[in-house]
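Undergrad: Everything in the sequence shown is counted per the numbering used here, starting at 1396 for the first residue and increasing by one. All C-beta atoms, glycine included, are put in the ideal place defined by N, C-alpha and C. Fair warning: this is a prediction, and the values are worked out from it, not measured in the lab. First the structure, which I've put down as structure tokens, then a few questions once you've had a look.
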Amino acid sequence: MLMLNIAYAVHCIFRALVLCMRIITVTSMLDAMAGMASVSGTIPRQRHGAMAAVKAAAVLAAVQHGCTAAKHSNEAEHRRPPPTTFVQAQDLSLYEGERVFRYLGANVYWLMAEASYDEKGRQNVQHALDAAVDLGVTVVRTWGFADGPNEPHLQSAPGQFDPKMFDALDFVVAEAKARGLRLLLPLVNYWTDYGGIQQYLRWARKSRNQYWAPDNSCPAFFTLEESRQQYKAMVAAVTSHVNKRTGLALRDEPAIMGWELCNECRCRDNKGQMQARSHCDGR
């Protein structure tokens, strides 16, 4: 019995080391991608603090799940069956059927953009999703938007969508679903990365010299009718898009746990104080 316990402990340590090495590989890839993007200008560099938090969470998850993962000799055994029911909100809890839905989440914003490049990019997406499964992650948050003329873009101009990027989004959804993962998809950014609400104001005001930039003011995006209509049209187009790999409209996809109306949106007065929705809505 003692020898079995020692062997199991060694196996746990080995699996934890393997998971940590996988994390190091993925985070190194993220750093390399961010570095290349900052040079090429194709993908904006994200905040280092947020990236550091993701890395720290991943390492912590590896330690917590190391021994659990040691019980499985085959990575395929880690995969859960594809989601078939929607997660529902009731009172202050989430439910999957009649069971309370609890999850471990990870923010991996770049999946759609990476999948749009080439076959190597799609392999990187698969490796990232495999790592998420190995770590016990059940919900992945990733961008469902990319607005503006700069590539990669999902919506290059109001109502004009890139089929290549839709195919990349289809790929991400299908691959996540095949691994039993659920997705949380934001639909626009408060910040300027990947276009953001600044891009909508450029489209609405038709002038690069009359647009809002993130600061302590409340953006006109919330009240300008043209921006609101453009945003609503985008939401309708994306959610009604039929995934060529699954045959389902994205709004009918159980693997999509939810849609986030905006990433980190806020509305502040000139003193930096957060305003109520009624102030931003203007109606």
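How is Val1535 classed by DSSP in three states: helix, strand or coil?
TA: strand
Undergrad: What does a CB cutoff of less than 8 Å around Leu1499 pick up in its chain, not counting 5 residues either side in sequence?
TA: Ala1456, Leu1530, Gly1531, Val1532, Thr1533 and Val1534
Undergrad: Just how far apart, CA to CA, sit Gly1590 and Asn1584?
TA: 7 Å
Undergrad: Taking the alpha carbon of Ser1511 as the reference point, which residue from Ala1569, His1548 and Thr1634 has its own alpha carbon closest?
TA: His1548
Undergrad: Among the residues of its own chain, which have a CB less than 6 Å from the CB of Leu1564, if the five just before and after it don't count?
TA: Taken in chain order, the residues that qualify are Met1507.
Undergrad: Taking just the CA atoms, how far does Asp1588 sit from Tyr1504?
TA: 11 Å
Undergrad: I'd like the ranges of any alpha helix (DSSP H) spanning at least 4 consecutive residues and lying wholly in the stretch 1484-1557.
TA: 1506-1510 and 1514-1529
Undergrad: Could you pull out every unbroken alpha helix (DSSP H) segment of at least 4 residues lying fully inside the stretch 1611-1659, listed in chain order?
TA: 1620-1635
Undergrad: Since Arg1494 and Val1528 should fall inside the 8 Å C-beta cutoff, what is the C-beta to C-beta distance between them, to a whole number of angstroms?
TA: That pair is no contact at about 20 Å.
Undergrad: Can you tell me whether DSSP reads Val1482 as helix, strand or coil?
TA: Note: Val1482 maps to strand in three-state DSSP.
Undergrad: Go to Leu1578, then tell me how far its beta strand (DSSP E) extends in each direction, as first and last residue.
TA: Arg1577 to Pro1581
Undergrad: Cβ of Ala1571 within 8 Å of Cβ of Leu1524?
TA: For the 8 Å CB-CB criterion, Ala1571 and Leu1524 form a contact.
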